[in-house]
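Line order of the protein sequences matches chains A and B. Residues are numbered in the working numbering as their position in the first sequence, beginning at 1, plus a constant of 923. Residues are numbered in the working numbering as their position in the second sequence, beginning at 1, plus a constant of 228. First up is the structure itself, then whatever we jot down about it.
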Amino acid sequence: MKAAAFEHACPASVADAIALLAGEADARVLAGGQSLGPMLNLRLSHPRLLVQVNRLQELTGVAADADAVTIGACVTHAAIADGLTPDIGGGVLARVADGIAYRAIRNRGTIGGNLCHADPAADWATALTALDATMLLQGPDGARSLRACDFIQGAFRTALLPGEIMLAVRVPQLPADARWAYEKACRKPGDFAHAMAFVLLCGGRRRAVIGALGARPLLLEDDDVSLAGATHSLRALSGLDEVQRRMQLVVLSRALAKAQA
Amino acid sequence: MQGSASGEGIGRSVPRLEDDRYLRGKGEFIADIRLAGMRDLAFVRSPVAHARIRAIRKPPGAEAAVFVAQDLVGVQPIVAVSGLPGFKPSAQPVLATGKVRHVGEAIAVCVAPSRAEAEDFAAAVDVEFDELPPVVDMRAALTSEIRLHDHWDNNVFLETFVEVAPERFAQPAPIVVRRRLRTARQCMSPLEGRGVVATWDRRVEQLLVYSSTQMPHIVRTGLAGCLGLDQARIRVVAPDVGGGFGYKGILLPEEVCAAYLACRLGHPVRWIEDRREQLTGNANCREHDYDITLHAEADGTLIGIDAEAVVDAGAYSAYPFSACLEAAQVASILPGPYAMQAYRCRTFSAATNKPPILPYRGVARSGVCFALEVALDAVARHAGLEPHEVRLRNLVPAAAMPFENITNKLFDSGDYPECLRRVIAAIDLPGVRRRQAAATGPLRIGFGCSIFCEQAAHGTSVYAGWGIPMVPGFEQAVARMTPDGGLELRVGIQSHGQGLETTLAQVAHEVLGIPLASIRVVHGDTALTPYSTGTWGSRCMVMAGGAVGTACRELAERIARIGAHLLQAPQEAVRVGAGLVSGPGGGVPIAEVARTWYLRPQDLPSDVAGAGLEATAGYKPPRDSGTFSYAAHAAVVSVDTELGDVRILDYAICEDGGTLINPMIVDGQVIGGTAQGIGTALYEEMQYDAAGQPLGSTLADYILPGATEVPEPRILHMQTPSPLTLHGQKGIGEGGAIGPPAAIANAVNDALAPFGVEITELPITPRRILAALLAHSG
Chain A
924 MKAAAFEHAC PASVADAIAL LAGEADARVL AGGQSLGPML NLRLSHPRLL VQVNRLQELT
984 GVAADADAVT IGACVTHAAI ADGLTPDIGG GVLARVADGI AYRAIRNRGT IGGNLCHADP
1044 AADWATALTA LDATMLLQGP DGARSLRACD FIQGAFRTAL LPGEIMLAVR VPQLPADARW
1104 AYEKACRKPG DFAHAMAFVL LCGGRRRAVI GALGARPLLL EDDDVSLAGA THSLRALSGL
1164 DEVQRRMQLV VLSRALAKAQ A
Chain B
229 MQGSASGEGI GRSVPRLEDD RYLRGKGEFI ADIRLAGMRD LAFVRSPVAH ARIRAIRKPP
289 GAEAAVFVAQ DLVGVQPIVA VSGLPGFKPS AQPVLATGKV RHVGEAIAVC VAPSRAEAED
349 FAAAVDVEFD ELPPVVDMRA ALTSEIRLHD HWDNNVFLET FVEVAPERFA QPAPIVVRRR
409 LRTARQCMSP LEGRGVVATW DRRVEQLLVY SSTQMPHIVR TGLAGCLGLD QARIRVVAPD
469 VGGGFGYKGI LLPEEVCAAY LACRLGHPVR WIEDRREQLT GNANCREHDY DITLHAEADG
529 TLIGIDAEAV VDAGAYSAYP FSACLEAAQV ASILPGPYAM QAYRCRTFSA ATNKPPILPY
589 RGVARSGVCF ALEVALDAVA RHAGLEPHEV RLRNLVPAAA MPFENITNKL FDSGDYPECL
649 RRVIAAIDLP GVRRRQAAAT GPLRIGFGCS IFCEQAAHGT SVYAGWGIPM VPGFEQAVAR
709 MTPDGGLELR VGIQSHGQGL ETTLAQVAHE VLGIPLASIR VVHGDTALTP YSTGTWGSRC
769 MVMAGGAVGT ACRELAERIA RIGAHLLQAP QEAVRVGAGL VSGPGGGVPI AEVARTWYLR
829 PQDLPSDVAG AGLEATAGYK PPRDSGTFSY AAHAAVVSVD TELGDVRILD YAICEDGGTL
889 INPMIVDGQV IGGTAQGIGT ALYEEMQYDA AGQPLGSTLA DYILPGATEV PEPRILHMQT
949 PSPLTLHGQK GIGEGGAIGP PAAIANAVND ALAPFGVEIT ELPITPRRIL AALLAHSG
């Protein structure tokens, strides 16, 4: 299938992009296009206007300070996987990025586009929820920031307001004593995961995030980070059957074992 | 016969001549063709599985760009009959008339300057349906009160029944195992989908159809029938074709539509199938259901097979292979490569509200091999034997060849037990058993094997019995010298990945010794080649290879006659070979013979070689019941019993394709087929929900194996020439796809045996493994 007709704009600045979005209710932001492209072709999405942002320098910068690494929304997965962006410790961001889909997709797909698309099986949503990253957003009414766990609201649903775009992701530096593990189960490498878990242990705090639930990632903290805690939380979710729960628990237990090893 | 002096003949792994253009991106595939004024087609397809069409409303203002069934004046539906008694033919409308019978069925076609604009029109066509309850499951179809085809008395295209010595089943046998087994509905997925470009050629007053097809001549015959045109008014050209596997051996409604519109509209039109159309509406194959019981002696010797099989044939009988081929094949090949005393098999070709089932590489065999070999492993466990031991007790021995089996198949040659022994040695079974015993924790090791034979190049005697619209007879080839000493081979088959531009040239080289660089194979064009049923059934190397060899021998005689004159030697004293006519006193190059005949006829007496240097010959083996190549596959897998993941740790194949024309190309065929067999075993499945909706529409939902899922198999060769064919070759194109589902399923079941769990349904997904383990552990 081929996409329905649309207008295509390449604004010169974030401010211009926001203005374009404000002027057309039926507009979508185009970053790497690795999800939106197929959706357009399958005519699952048919906006009147596409606002392409991935060439904006304001969205492709990276910065690091003592507390956090800030990665522009349009930095590609490949750039992160190749270590071209600062690390928060332990090579965690490169490790997550390297496991996203296939190289061709990583070459074009962006961290911000991935988060704004909010596919429940996406790697960044789960990993950045665990790492307690903050999304820096800019809209017609100014700038604001949201924690990952508040930004992702459900399957393909985020807290982005109409006309708002993501500028960057701010990921806290990992303390030296941090231990982490990321596990996922896929039919084949690069395929959508059917179970995933990110475990982060540091300074006596424990965080575990279960993804690929067909819903927002499930965040477990401290005493809830256990198989019993996860079992309880997964039972409370609708739409999962026994096999899916079992797969999620196995992946979580393997991530826990690796983080504790 | 093997190995010519120059190293380019039969048995040589010469690089493929066609690869230069393929690897450099210089080929011409259907979507590369650009004709002036060409417009794109897009189809309005049924979103529901079963419904009556109450009304179709074209978008206001775009009426001229949209065509429905009534607009296709004089176009007949596609009908593929079978001569088997009781077969009920279906009329597959080119555009739906009255009723739709599967999701994706074409209802209207839209014409526009681009595909996107044609899709805009298609989206604006308004179709009103009266939905009917669908028939989705093939077993339920057999007893359902709902009718797909209103005038039928049930939903069965064909029921077949065969039995030999059934009284043996009444006697109690020491070992009786019964299994219910299922294979998934798959979608054949060549890299390039279907596609057609059609135009009316005013100069020759002929419809010119470029189609991504395996059988241009059969497409022409089928198109002529649907359009009411003389066949001479149609030319079908298959350009470079990016894989077929059976999917391009079918006349599609879209092809008929495009051909009709080209005649009517006066400008070229094209339809390029996209992946969504291929997956949701077109390329269905493989879905079988078996109830199989094996009766055996205590030592594992087979007494017989008692089985019932259902094939989900979908809504229509596809042209030319019909809706019965798959199930009829099941009944005739279920005994596999084994000897037995008794056999009983009933088959049903069930009609359901799904796209028509089409023949896919290893037609029926991958399912049959899975059913028989999984059941045979159960016999081995009962008898306390290793899997290969029970097979060695039952395989037809070499001394019995040629062997007529219980369904009257003539196994032409080979040593089946030796083939199995070699693959077992290659896989190091004792070593596997040691690793298996040492494995603890969630990761378990399993071993499995399968062995099968592959009937190929079966001809008139077999297909006349099935009575489908296409019965292969003599295969023809034209061998023509050019004035500069080159050789053109014209064949009616089509090469779409098999390397036939190389291997057929190798056969010609073997006979004439003309260098490969001077031989061109012309194929895929009804205007340039002799009639042929095309490329299917692993037939080309036997049939087209035999025809090329025969035509070249005829040409060699004519060359000898002219050469003898040039050498001033008696004809019986000269021989043709190595590019020369050689006589007692010296030789003359074949090129010189050609130059003389074409350009210097004054040098020849007028009574020499009036027939010229262009020979057409027909070839058919003396008995055309088919060659039987065979292979044994052995797999070692690991199974993650907590997540259900299966990894292939080792894979070995021993195959016997008779005389190998080009062993490198054979290896490529085996590897490619094995990759597809792994897809059948572990990944590929188009599920349908209760409403008859396909649950996948992209390659993110329909999972194909990729580089990370396909191990490099170790391939061992045996070469037992076929006594039936010109050079001893056997058809071997499909075998790779047949063995893996059985071998891998047996390996998984071997790994799961300690848990008391057996997988009986393909593909073997993590979910199926976990569900089985959970069900067993309660």
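No residue lacks a Cβ here, since even glycine has one placed at the ideal position from N, Cα and C.
Check: Whose C-beta lies closer than 7 angstroms to the C-beta of LEU1001 (chain B) among residues of the same chain, with five residues either side of it excluded?; Outcome: THR869, PHE983, VAL985
Check: Would the segment 599 to 617 of chain B and the segment 571 to 583 of chain B be scored as touching if the rule is three or more Cβ pairs under 8 angstroms?; Outcome: no
Check: Going by C-alpha to C-alpha distance, which of B:GLU729, B:TYR759, B:LEU980 sits closest to GLY720 (chain B)?; Outcome: B:TYR759
Check: Identify every run of the alpha helix (DSSP H) within the segment 1078 to 1134 of chain A, keeping only runs that are complete inside it and at least 4 residues long; order them along the chain.; Outcome: none
Check: Go through the segment 989 to 1069 of chain A residue by residue and report every complete run of the alpha helix (DSSP H) that reaches 4 residues or more, in order.; Outcome: 1000 to 1004, 1015 to 1021, 1026 to 1031, 1034 to 1040, 1046 to 1053
Check: Based on the DSSP secondary-structure assignment, which residues constitute the bridge partners of GLY886 (chain B)?; Outcome: B:GLN957
Check: Give the C-beta separation of LEU553 (chain B) and PRO587 (chain B) to the nearest angstrom, bearing in mind that I take them to be a contact with Cβ-Cβ under 8 angstroms.; Outcome: 6 angstroms
Check: If you drop the 5 nearest sequence neighbours on each side, which residues of the same chain put their C-beta closer than 6 angstroms to that of VAL390 (chain B)?; Outcome: ALA559, CYS573
Check: Can the beta-carbon of ALA543 (chain B) be found closer than 8 angstroms to that of LEU376 (chain B)?; Outcome: yes
Check: Just grab the DSSP bridge partners of TRP428 (chain B) for me.; Outcome: B:LEU435
Check: Would CYS338 (chain B) and VAL437 (chain B) be called neighbours here (beta carbons separated by less than 8 angstroms)?; Outcome: no
Check: Are there 16 or more other CB atoms within 10 angstroms of the CB of TYR916 (chain B), so buried, or fewer, so exposed?; Outcome: buried
Check: Just to confirm, are ASN977 (chain A) and MET924 (chain A) a CB contact at a threshold of 8 angstroms?; Outcome: no
Check: Need the endpoints of the beta strand (DSSP E) that PRO658 (chain B) sits in, please.; Outcome: That residue, PRO658 (chain B), is in no beta strand (DSSP E); its alpha helix (DSSP H) goes 657 to 666.
Check: For TRP499 (chain B), report the span of its beta strand (DSSP E) as first-last.; Outcome: 497 to 500
Check: Could you check the C-alpha separation between ALA1104 (chain A) and ALA1182 (chain A) for me, to the nearest Å?; Outcome: 5 angstroms
Check: Check whether the Cβ atoms of ASP1021 (chain A) and ALA1004 (chain A) lie closer than 8 angstroms to each other.; Outcome: yes
Check: Counting only Cβ pairs nearer than 7 angstroms, list the residues of chain A close to TYR879 (chain B).; Outcome: Those within 7 angstroms of TYR879 (chain B) in chain A number zero; the least Cβ separation is about 17 angstroms.
Check: With a threshold of 16 other CB atoms inside 10 Å of the CB of GLY528 (chain B), please say whether the residue is buried or exposed.; Outcome: buried
Check: Cα separation between ALA1053 (chain A) and ARG1130 (chain A)?; Outcome: 6 angstroms
Check: Measure from the C-beta of SER232 (chain B) to each C-beta in chain A and report whether the shortest distance is under 8 angstroms.; Outcome: The predicted model places SER232 (chain B) with a pLDDT of 47, which falls under 50 and marks its position as unreliable, so this point remains unresolved.
Check: For ILE931 (chain B), decide whether its Cβ has a neighbour in chain A, counting only Cβ atoms nearer than 8 angstroms.; Outcome: yes
Check: Taking the C-alpha atoms as reference points, what is the distance between ASP1010 (chain A) and VAL992 (chain A)?; Outcome: 7 angstroms
Check: Residues in the same chain with beta-carbon distance under 6 angstroms from ILE652 (chain B), minus the five sequence neighbours each way, listed in chain order, please.; Outcome: HIS616
Check: Roughly how many whole angstroms lie between the Cα atoms of ASN890 (chain B) and HIS737 (chain B)?; Outcome: 13 angstroms
Check: Among B:ALA862, B:THR948, B:PRO941, whose alpha-carbon lies nearest the alpha-carbon of ALA975 (chain B)?; Outcome: B:ALA862
Check: At 4 residues or longer, what runs of the alpha helix (DSSP H) sit wholly inside the segment 616 to 687 of chain B?; Outcome: 644 to 655, 657 to 666
Check: Which residues in the same chain have their Cβ closer than 6 angstroms to the Cβ of ALA1024 (chain A), if we skip the five residues on either side of it in sequence?; Outcome: GLY1113
Check: If I'm right that GLY727 (chain B) touches GLU246 (chain B) with Cβ under 8 angstroms, what's the distance once you round it to whole angstroms?; Outcome: 7 angstroms
Check: Out of B:HIS945, B:ILE462, B:GLY477, state which residue places its alpha-carbon closest to the alpha-carbon of LEU888 (chain B).; Outcome: B:HIS945
Check: Is the segment 982 to 998 of chain A in contact with the segment 1028 to 1035 of chain A, if contact means three or more CB pairs nearer than 8 angstroms?; Outcome: yes
Check: Could you pull the start and end residues of the alpha helix (DSSP H) that GLU483 (chain B) belongs to?; Outcome: 481 to 493
Check: Are there 16 or more other CB atoms within 10 angstroms of the CB of GLY1127 (chain A), so buried, or fewer, so exposed?; Outcome: exposed
Check: How many whole angstroms separate the CB atoms of ILE696 (chain B) and PRO548 (chain B), which I take to be in contact at a CB cut-off of 8 angstroms?; Outcome: 6 angstroms
Check: Less than 8 angstroms separating the beta-carbons of MET1170 (chain A) and LEU871 (chain B)?; Outcome: yes
Check: Using 10 angstroms around the beta-carbon of SER342 (chain B), count the other beta-carbons present and answer buried if the total reaches 16, otherwise exposed.; Outcome: exposed
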